[in-house]
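The structure under discussion appears below in the form of structure tokens.
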Amino acid sequence: MNREQQFYDLQKIYWQAYKQYGQATTKQARQTQWGNLRRLFDIGLEMRENSYGNINHHIRSVLH
């Protein structure tokens, strides 16, 4: 998988998590989704700053 596809996939997952954050009805659910958003954002920064190989395992670890 090339980097552009990895960024595209990460962006799709980020927006899914963002929607879930907006739909969360309890404080705990919002905190969980906020944590997911932060981790996904951090993964994106690492991808941009470093020459990441395959990032799929990092994404899966966030959304387990």
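Just remember that the numbering used here sits 5 ahead of the position in the sequence shown, which is counted from 1.
By construction, the Cβ of each residue, glycine as well, lies at the ideal position given by its N, Cα and C atoms.
Since we're looking at a predicted model, the values are computed, not measured.
Own chain, CB closer than 8 angstroms to residue i, minus 5 neighbours either side, in chain order
i: W39; result: Y26
Under 8 angstroms between C-beta atoms of residue i and residue j
i: L45; j: Y13; result: no
i: Q11; j: M52; result: yes
Span of the alpha helix (DSSP H) around residue i
i: N41; result: K32 to E54
i: A22; result: R8 to Q28
Cut-off 6 angstroms between Cβ atoms - residues of its own chain near residue i, not counting five sequence neighbours on either side
i: A29; result: R35 and Q38
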